[in-house]
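Asker: If you count by full-length UniProt numbering, then the sequence shown holds residues 1 to 316, one letter each, in order. Glycine included, every Cβ here is placed at the ideal spot set by N, Cα and C. What you are looking at is a predicted structure, and each value in this text was computed from that prediction instead of being measured. Dropping the structure in here first, questions after.
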Amino acid sequence: MKLSNDTVSEFLKENSALSLSALEKEANLSTGLLSKVLKGERALNDSHLDKIGPVLLKYGYRETADGQEAKVIAMVNHKGGVGKTTTTANLGKALSMLGKRVLMVDMDPQGNLSQCFGIDEPTVQLYDALVNGDELPLEEIGDGLYISPSDVDLSLADVELHQRPDGYLRLRKVLEKHITNFDYILLDCPPSLGILTSNALIASDSFVLIIQPETLAIKGLNTILKTVDQIKDGLNEKLDLEGILFTLVDKRTINHQTIMNHVKESFPYFRTFETVIRNNMALSEATMLSQDIFTYAPKSNGAVDYMAVCNELTHE
């Protein structure tokens with residue numbers, strides 16, 4: 001959005017955790033000016049905008065010219081082994097097959113998404129951008145498909161981001177330069193609700209809640225949704241649930257169908273993807289061989305299911 005008095009005011013309201021006095025000091029603006037702007041008592045002139053613009057960009061303000069902004073989607077669950085990484089990798093590939101430019105960001109210190117594409121020890125990784133302010137690493141792994149890799153070093157970011165006043169906003173700032181270069185940016189979150197997942201949710205337009213239909217896997221859903229509500233209350237008001245996606249589903253198992261029905265009944269106001277990802281050995285084999293499912297087994301159930309989810313996501 002083009003920098004103006006109205007867009008600055010809107011940004012500050014959406015990011016109420018930011019200190020107005022600190023912003024004024026950094027931008028060399030008179031004390032109390034931004035507070036008056038929010039109250040409608042003052043308006044920012046061109047000189048004010050010239051000063052505040054570069055400062056707001058540091059804290060996640062998105063300013064684009066004519067380019068269409070990417071849709072940023074986080075893949076979320078508090079539990080590991082439910083298919084977040086598999087979904088990110090194969091949904092990213094499916095989108096690129098439809099002609100979309102896609103960036104996948106590995107937010108998990110385990111680096112599983114990076115390993116899915118044969119990147120075990122990245123020389124430059126997401127940690128460097130989040131903590132050190134380096135350029136976001138972009139490795140092209142296919143036609144229109146890119147990844148920002150990570151490894152165990154990203155675990156160090158947890159403590160370091162907590163020590164920064166803008167720690168929860170770092171990813172949004174890092175992605176700012178690239179928001180018009182892609183159609184979709186997919187964030188593969190770690191299996192926790194710590195600061196890395198919070199960064200992802202704050203930077204996202206929406207999130208996919210990935211659930212394995214097992215009793216233990218669905219425990220804690222209310223905790224996830226509570227975290228989302230807290231983020232929407234001041235840090236990212238536009239954050240929306242893209243949908244609940246069931247993975248590792250065995251349609252022959254009554255228990256799986258019962259649990260899926262229970263989730264739908266418990267959260268009737270949430271969208272659930274019509275497609276479920278069936279339990280398919282080819283998905284595991286593809287991951288072990290550092291391949292996406294469309295390259296490894298293009299006619300498998302896994303390939304069919306992920307392309308169907310992709311079509312639901314893009315409404316094509």
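Between residue 301 and residue 278, which are expected to be in contact by the criterion C-beta below 8 Å, what is the C-beta distance as a whole number of angstroms?
Answerer: Residue 301 sits at position 301 when you count from the first residue of the sequence shown. Residue 278 sits at position 278 when you count from the first residue of the sequence shown. Rounded, the Cβ-Cβ distance is 5 Å, consistent with contact.
Asker: Given that a residue counts as buried once 16 or more other Cβ atoms are within 10 Å of its Cβ, and exposed if not, what is residue 11?
Answerer: Position 11 of the sequence shown holds residue 11. Residue 11 is buried by the Cβ-count criterion.
Asker: How many whole angstroms separate the CB atoms of residue 77 and residue 84, which I take to be in contact at a CB cut-off of 8 Å?
Answerer: Counting from one through the sequence shown, the residue named residue 77 turns up at place 77. Counting from one through the sequence shown, the residue named residue 84 turns up at place 84. With a Cβ gap of about 6 Å, residue 77 and residue 84 count as contacting.
Asker: Spatial neighbours of residue 308 within its chain, please: CB distance less than 7 Å, with the 5 preceding and 5 following residues excluded, ordered by chain position.
Answerer: What you label residue 308 is simply residue 308 of the sequence shown in a count that begins at 1. So the list reads 275, once near-sequence residues are dropped.
Asker: For residue 215, count neighbouring C-beta atoms within 10 Å of its own C-beta (all shown protein chains included) and say buried if the count is 16 or more, exposed if not.
Answerer: Residue mapping note: residue 215 aligns to position 215 of the sequence shown, counting from 1. With fewer than 16 other Cβ atoms within 10 Å, it is exposed.
Asker: Helix, strand or coil for residue 42? Go by DSSP, reduced to three states.
Answerer: On the sequence shown, position 42 is the one that residue 42 refers to. Of the three classes helix, strand and coil, the one that applies to residue 42 here is coil, per DSSP.
Asker: Answer with buried or exposed for residue 269, where buried requires no fewer than 16 other C-beta atoms within 10 angstroms of its C-beta.
Answerer: Against the sequence shown, residue 269 aligns to sequence position 269. When all chains shown are included, residue 269 counts as exposed.
Asker: Check whether the Cβ of residue 140 lies closer than 7 Å to any Cβ atom in chain D.
Answerer: Absent from the structure is chain D; it holds one protein chain and no more.
Asker: Are the CB atoms of residue 92 and residue 102 within a distance shorter than 7 Å?
Answerer: For the purposes of this step, residue 102 is identified with residue 102 of the sequence shown, where counting begins at 1. For the purposes of this step, residue 92 is identified with residue 92 of the sequence shown, where counting begins at 1. Taking 7 Å as the Cβ cut-off, residue 102 and residue 92 qualify as a contacting pair.
Asker: Determine contact between the region 182-191 and the region 41-59, defined as no fewer than three beta-carbon pairs at a distance below 8 Å.
Answerer: No: fewer than three Cβ pairs fall under 8 Å.
Asker: Along the beta strand (DSSP E) that carries residue 233, what are the first and last residues, could you check?
Answerer: Counting from 1 along the sequence shown, the entry for residue 233 is found at position 233. Neither: residue 233 is in no beta strand (DSSP E) and is coded neither H nor E.
Asker: So the candidates are 212, 208, 213; which of them puts its Cα closest to the Cα of residue 225?
Answerer: Reading the sequence shown from its first residue, position 225 is the one you call residue 225. Of 212, 208, 213, the residue nearest in Cα terms is 208.
Asker: Of the choices 286, 273, 109, whose alpha-carbon is the least far from that of residue 315?
Answerer: Taking the sequence shown and counting its residues from 1, the one referred to as residue 315 is at position 315. Checking every option, the nearest Cα to that of residue 315 belongs to 273.
Asker: Please go through the same chain and pick out, in chain order, the residues whose beta-carbon is closer than 7 Å to the beta-carbon of residue 74, but skip the five residues on each side of it.
Answerer: As a first step, residue 74 is located in the sequence shown; it is residue number 74 there, counting from the start. Closer than 7 Å at Cβ, skipping near neighbours: 187, 189, 200, 201, 204, 207.
Asker: Residues in the same chain with beta-carbon distance under 7 Å from residue 182, minus the five sequence neighbours each way, listed in chain order, please.
Answerer: For this step, residue 182 is matched to residue 182 along the sequence shown. Excluding positions up to five away in sequence, the list reads 70, 101, 102, 103.
Asker: Using only CA atoms, which one of 198, 246, 210, 221 lies nearest to residue 231?
Answerer: Here residue 231 refers to the residue found at position 231 when the sequence shown is read from its first residue. Residue 231 has its Cα closest to that of 198, out of 198, 246, 210, 221.
Asker: Taking residue 79 as the reference, give the member of 297, 122, 250, 219 with the closest Cα.
Answerer: Here residue 79 refers to the residue found at position 79 of the sequence shown. Comparing Cα positions, the closest option is 219.
Asker: For residue 246, which of helix, strand or coil comes out of DSSP?
Answerer: As a first step, residue 246 is located in the sequence shown; it is residue number 246 there, counting from the start. Strand.
Asker: On the DSSP letters alone, give me the boundaries of the alpha helix (DSSP H) that residue 284 sits inside.
Answerer: Stepping through the sequence shown from its first residue, residue 284 is reached at position 284. Counting along the chain, the alpha helix (DSSP H) containing residue 284 begins and ends at 281-288.
Asker: Quick one: complete alpha helix (DSSP H) runs, 4+ long, within the region 103-142?
Answerer: For the region 103-142, whole alpha helix (DSSP H) runs of length 4 or above, ordered along the chain, are 112-116, 126-132.
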